[in-house]
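The structure appears right after this line, and notes come after that.
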Amino acid sequence: MSGQEIIAGLDLGSTKVCAIVGEKTEDGGVDIIGVGSVPSKGLKKGVVVNIESTVQSIRAAIEQAEAMAGVDINTVYAGIAGSHVRGFNQEGVAAIANREVDHADVLRVLEQAKAIPLPGDRQVLHVLPQEFIVDEQDGIREPVGMSGVRLEVRAHIVTAATTSVQNIIKCAERCGLYVAEVVLQPLASSDAVLSEDEKEIGVVLIDIGGGTTDVMIYVDGAVVHTSVIPMGGINLTNDIATGLRTPMAEAERIKIKYGCASPDLVDTEETMEVPSVGGRPARVVPRQLLCDIVEPRVEEFFSACRHVIEETGYGSMLASGAVITGGSTLLDGMSDVAERVLGLPVRRGHAVAVGGLVDVVRSPAYATAVGLVKYGARQVADELPMVDVLEGGSAGRLGRKIGQWFREVF
Ligand SMILES: Nc1ncnc2c1ncn2[C@@H]1O[C@H](COP(=O)(O)OP(=O)(O)OP(=O)(O)O)[C@@H](O)[C@H]1O
Ligand SMILES: [Mg+2]
Numbered sequence: 000m001s002g003q004e005i006i007a008g009l010d011l012g013s014t015k016v017c018a019i020v021g022e023k024t025e026d027g028g029v030d031i032i033g034v035g036s037v038p039s040k041g042l043k044k045g046v047v048v049n050i051e052s053t054v055q056s057i058r059a060a061i062e063q064a065e066a067m068a069g070v071d072i073n074t075v076y077a078g079i080a081g082s083h084v085r086g087f088n089q090e091g092v093a094a095i096a097n098r099e100v101d102h103a104d105v106l107r108v109l110e111q112a113k114a115i116p117l118p119g120d121r122q123v124l125h126v127l128p129q130e131f132i133v134d135e136q137d138g139i140r141e142p143v144g145m146s147g148v149r150l151e152v153r154a155h156i157v158t159a160a161t162t163s164v165q166n167i168i169k170c171a172e173r174c175g176l177y178v179a180e181v182v183l184q185p186l187a188s189s190d191a192v193l194s195e196d197e198k199e200i201g202v203v204l205i206d207i208g209g210g211t212t213d214v215m216i217y218v219d220g221a222v223v224h225t226s227v228i229p230m231g232g233i234n235l236t237n238d239i240a241t242g243l244r245t246p247m248a249e250a251e252r253i254k255i256k257y258g259c260a261s262p263d264l265v266d267t268e269e270t271m272e273v274p275s276v277g278g279r280p281a282r283v284v285p286r287q288l289l290c291d292i293v294e295p296r297v298e299e300f301f302s303a304c305r306h307v308i309e310e311t312g313y314g315s316m317l318a319s320g321a322v323i324t325g326g327s328t329l330l331d332g333m334s335d336v337a338e339r340v341l342g343l344p345v346r347r348g349h350a351v352a353v354g355g356l357v358d359v360v361r362s363p364a365y366a367t368a369v370g371l372v373k374y375g376a377r378q379v380a381d382e383l384p385m386v387d388v389l390e391g392g393s394a395g396r397l398g399r400k401i402g403q404w405f406r407e408v409f
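All residue numbers for the sequence shown refer to numbering that gives the first Met the number 0, where the first residue is 0 and numbers rise by one.
Written as structure tokens, this is what we have:
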């Protein structure tokens, strides 16, 4: 088995660190052959806050995945999130050197779009092209070969705090892993759960994990907005612990066993047992009480998402509605609340078009890690001639990205 055929995704989440190994198939797809998932203790709201704990979690998750897959993992595609992440749309312009657009022109115009003044503590993570404009002609996705004198690009640029990126790389390297690329988590999740059609006619992806809610909007097949809201399932667990006066671990258990975001779905007669704190006896309370605690917070999540969507001005362009994923969307009634608050059709997203351990990785909690594998597989698969020409040096990464984008579009 050559190293080229094995791709590993490393998702550093607020509640779990997850490693997923995929193997490239002959038809260009990916089979999932190993999964490792352990509780994460070193991350808060998507950001590494304790290097040693994170290193231990990564090591354990990688070992599990390696044992299941029967392969060694040397290289990973690592996910990043946190409220330090910013996305914005930017334009770039370049002269077309020989009156016909070639790959070097495309690379130059993307470099130009990327060349924005950034504070020293931030770096560009992704340059995601939306459309090219050759002279006056806009809406072009493949400009190579077109005649003209002026090439413009509209692109979505994602930036992140350099220290957060470095901490992820540092933790992985301490485990003997080489980080091929640090990828924005919702970009990876989109790869796993969204269809090309959805991206084309407009969709918002909402990944509700433990510590963050990631929002990514696609219009006309391209990313137009990214944001990370620092709220997630941990807030629900906190509310339950306070509201029912029970320890956090019990609150988490109760949430997973009885939790429901929509009181309409719960029988008014239904009850549940709640352990108390400080040696007091357990109590039996109506399940409805749990809904009363959970519902307003879930409404708050989706209100925040709606606010983000409204602010971008893309709300009316989301014909495919919203796709929700992430572990917290396993909560009953989540889609109902989402539809009501967002005013959009909502479906739950789980990883699609992947072979191998399909059932194991079907959970929405694995969407990011599976997406990282799919993302990585595409980079490895990139056989465009321009990539060979441009590989190496600082252009290598961007060259691969352009290649990747062409592949996505055609
Ligand atoms: N059946 C369930 N019902 C309700 N919540 C659930 C259920 N299963 C898992 N969760 C919640 O999902 C959250 C974890 O989701 P996920 O694994 O996507 O997060 P993460 O990737 O670790 O965190 P993040 O992406 O926010 O950094 C936890 O808060 C957990 O309580
Ligand atoms: Mg996550």
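No residue lacks a Cβ here, since even glycine has one placed at the ideal position from N, Cα and C.
When beta bridges are read from the DSSP output, A77 appears opposite L9 and V181. Taking 7 Å as the cut-off, the C-beta of A364 counts as close to a heavy atom of ligand 1. In the DSSP annotation of this structure, the continuous segment of the beta strand (DSSP E) that includes P38 starts and ends at V29 to P38.
Ranked by Cα distance from H306, the options R252, D238 and S226 are led by S226. D10 has its CB nearer than 7 Å to a heavy atom of ligand 1. Restricting attention to alpha helix (DSSP H) runs no shorter than 4 residues, the region 253 to 335 encloses them at 286 to 311, ordered along the chain. The region 243 to 250 makes contact with the region 264 to 276; the number of CB pairs closer than 8 Å reaches 3 or more. R107 and G27 have their C-alpha atoms spaced approximately 30 Å apart. Distances from the CB of K40 to the heavy atoms of ligand 1 are all 7 Å or more.
Sixteen is the threshold: when 16 or more other Cβ atoms of the shown chains lie within 10 Å of the Cβ of A154, as they do, the residue is buried. Note that the region 90 to 97 does not touch the region 45 to 65; fewer than 3 beta-carbon pairs, one per stretch, sit closer than 8 Å. DSSP places H349 in no beta strand (DSSP E); its state is neither H nor E. For G21, the closest C-alpha among the options G232, S52 and I32 is that of I32.
For the 8 Å CB-CB criterion, L42 and S13 form a contact. A straight-line Cα-Cα distance of about 30 Å links G354 and R140. The criterion of a C-beta distance shorter than 8 Å is satisfied by V222 and M215. Here the alpha carbons of S302 and I308 stand approximately 10 Å from one another. For A221, no alpha helix (DSSP H) run applies; the uninterrupted beta strand (DSSP E) run containing it begins and ends at A221 to I228, by DSSP. For H102, no pairing in a beta bridge is given by DSSP. Non-local beta-carbon contacts of T74 in its own chain, meaning distances under 6 Å to residues more than five positions away in sequence, involve Y177 and A179 in chain order.
In the DSSP secondary-structure assignment, A159 is bridged to Q122. Contact between V192 and T324 is confirmed by a C-beta separation of about 5 Å, below the 8 Å threshold. By the criterion of a C-beta distance shorter than 8 Å, D331 is surrounded in its chain by G258, C259, A260, S261 and L264, once the five residues flanking it on both sides are discounted. Nearest neighbour of D196 by Cα position, chosen from A96, A64, R98 and L317, turns out to be L317. E269 and I292 have their C-alpha atoms roughly 16 Å apart. For G21, there is no enclosing alpha helix (DSSP H); the residue is part of the beta strand (DSSP E) that begins and ends at K15 to K23. Proximity of the region 166 to 176 to the region 329 to 344 falls short of the contact definition, fewer than three beta-carbon pairs being nearer than 8 Å.
Pairing V126 with I156, the inter-Cα distance amounts to about 5 Å. Cβ-Cβ distances below 6 Å link E272 to A281 and V283 in the same chain, with the five nearest sequence neighbours on each side left out; the list follows chain order. For D331, the shortest C-beta to heavy atom distance toward ligand 2 is 7 Å or greater.
In this structure, the alpha-carbon of T267 lies about 33 Å from that of L204. DSSP places N237 within a helical segment (H, G or I) once states are collapsed to three. Look at T225: its beta carbon is at least 7 Å from all of the heavy atoms in ligand 2. Sequence-distant partners of D30 (beyond 5 residues in either direction) whose C-beta falls short of 7 Å from its own C-beta, in its chain, are G21, E22, T24, G354 and G355. DSSP places T212 in the uninterrupted beta strand (DSSP E) bounded by T212 to V218.
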